[in-house]
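Chemist:
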Amino acid sequence: GPNGAGKTTTLRMILGLLEPTSGDAAIFGCSVLTNPLRMKRLIGLVSASAGLYQWLTPREMLQYFALGFGLDREQASQRIDELSHRMELGTFLDRRCATLSTGQAQRVNLARALVHDPPVVLLDEPTRGLDVVGSKVVIDFVQLLREAGKAIIVCTHQLEEAERFCDRFGLLYQGKLKYQGTLDELKTETGQPSLVEIFLSLMRDAPSPLIDGGLVDHE
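Using our numbering, read the sequence shown as starting at -7 and increasing by one per residue.
(1) Tell me the rounded alpha-carbon separation between PHE161 and ASP116.
(2) Just to confirm before moving on: does the CB-CB distance between GLU80 and ARG99 stay below 8 Å?
(3) With burial defined as no fewer than 16 other Cβ atoms inside 10 Å of the residue's Cβ, what is the status of ALA143: buried or exposed?
(4) Can you give me the C-alpha to C-alpha distance between LEU25 and GLU11, rounded to a whole angstrom?
(5) Following the continuous beta strand (DSSP E) through LEU3, name the residue where it begins and the one where it ends.
(6) Give the straight-line distance between the Cα atoms of ARG104 and GLY15, rounded to the nearest whole angstrom.
(7) Enumerate in chain order the residues of its own chain whose CB-to-CB distance from ALA97 is below 7 Å, with the five nearest sequence positions on each side excluded.
(8) Among ASP109, ALA154, LEU151 and HIS149, which has the Cα closest to the Cα of LEU136?
(9) Note down the Cα distance separating CYS158 from LEU175, rounded to an integer number of angstroms.
(10) DSSP three-state call for GLN184: helix, strand or coil?
(11) I'd like the list of long-range same chain contacts for LEU48, defined as Cβ closer than 8 Å, with 5 residues on each side in sequence excluded.
(12) What is the DSSP secondary structure of ALA140, counted as helix, strand or coil?
(13) What first and last residue would you give for the alpha helix (DSSP H) that runs through PHE161?
(14) Ignoring anything shorter than 4 residues or poking outside the region 100 to 152, list the alpha helix (DSSP H) runs there in chain order.
(15) Would you identify the three-state DSSP class for LEU37, choosing helix, strand or coil?
(16) Using the Cβ count rule (16 or more neighbours within 10 Å means buried), how would you classify ASN101?
(17) Could you give the residue range of the beta strand (DSSP E) that holds GLN172?
Structural data, given as structure tokens:
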């Protein structure tokens, strides 16, 4: 969806950070409305706006989050060692986060989302502001999640990125899900040859929020 479509707002509702006016979200039967705390433990969030605690090392920060998610110290240590190997954190695991490069910080941010081994991972514009090398880190991370059998939801308005990451697509506009399905299903439904054309046709056909007198929540 475009900026202001409601992508981040939707993620906030799934995470239990914002109460929905209607509807519900559930993972393994756990409802965000009735058990938002447990819901948070089932989700890992990667956000372009997330930062690191500059005076902690990656090891200390990952341990902090692991303990917060209910792991004991031995479990946290084992999980950090596993993630350090998978995400190649070893050379800077005990350096202060303030000294890390952008790519290194991104690896720590990704590892933080997995420290409690959640079944679902939400990626909110994960490559925003990253160069080619940083974006490659995210792409490798998505492949790692696939191999681990995680459910992945990618929130983006970069259509090339969506096609690269995703098996199914949902096009959001002014807070409403207009289309959803595989790329082939969307092409058949809309008669358009590509995701870009599907998106542009949606923008052309949808009424302007200014004409309608409505308001758009700009993210």
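Cβ coordinates follow ideal geometry from the N, Cα and C atoms, glycine included. Keep in mind it's a predicted model, so treat the numbers as computed, not measured.
Modeler: With the given structure in hand:
(1) As a working mapping, residue 161 is identified with position 169 in the sequence shown. As a working mapping, residue 116 is identified with position 124 in the sequence shown. Note on geometry: alpha-carbon atoms of PHE161 and ASP116 lie some 15 Å from one another.
(2) As a position in the sequence shown, residue 80 is number 88, starting the count at 1. As a position in the sequence shown, residue 99 is number 107, starting the count at 1. With respect to the 8 Å criterion, GLU80 and ARG99 are classified as neighbours on the basis of their beta carbons.
(3) Translated into the one-based positions of the sequence shown, residue 143 becomes position 151. Label assigned to ALA143: exposed.
(4) Mapped onto the sequence shown, residue 25 falls at position 33. Mapped onto the sequence shown, residue 11 falls at position 19. Cα to Cα, LEU25 sits roughly 8 Å from GLU11.
(5) For the purposes of this step, residue 3 is taken as the residue at position 11 of the sequence shown. Note, LEU3: premise wrong, no beta strand (DSSP E); alpha helix (DSSP H) at -1 to 6.
(6) Counting from 1 along the sequence shown, the entry for residue 104 is found at position 112. Counting from 1 along the sequence shown, the entry for residue 15 is found at position 23. For the pair ARG104 and GLY15, the Cα-to-Cα distance works out to about 29 Å.
(7) For the purposes of this step, residue 97 is taken as residue 105 along the sequence shown, with counting starting at 1. These residues qualify, in order along the chain: LEU44 and CYS89.
(8) In the sequence shown, counting from the first residue as 1, residue 136 sits at position 144. Among ASP109, ALA154, LEU151 and HIS149, the Cα nearest to that of LEU136 belongs to ASP109.
(9) The residue labelled residue 158 in the question sits at position 166 within the sequence shown. The residue labelled residue 175 in the question sits at position 183 within the sequence shown. Going by the C-alpha atoms only, they are around 9 Å apart.
(10) One-based indexing of the sequence shown puts residue 184 at position 192. The answer is coil: DSSP assigns GLN184 none of H, G, I, E or B.
(11) As a first step, residue 48 is located in the sequence shown; it is residue number 56 there, counting from the start. TYR56, ARG88 and CYS89.
(12) Residue numbering aside, residue 140 sits at position 148 when the sequence shown is read from its first letter. ALA140 carries a coil assignment under DSSP once its states are collapsed to helix, strand and coil.
(13) One-based indexing of the sequence shown puts residue 161 at position 169. It is not in any alpha helix (DSSP H) - PHE161 instead sits in the beta strand (DSSP E) that spans 161 to 165.
(14) The qualifying runs are 124 to 139.
(15) Along the sequence shown, one-based indexing puts residue 37 at 45. Three-state result, LEU37: strand.
(16) Taking the sequence shown and counting its residues from 1, one reaches residue 101 at position 109. So ASN101 counts as buried.
(17) Numbered from 1 along the sequence shown, position 180 holds the residue referred to as residue 172. GLN172: member of the beta strand (DSSP E) spanning 168 to 173, first to last residue.
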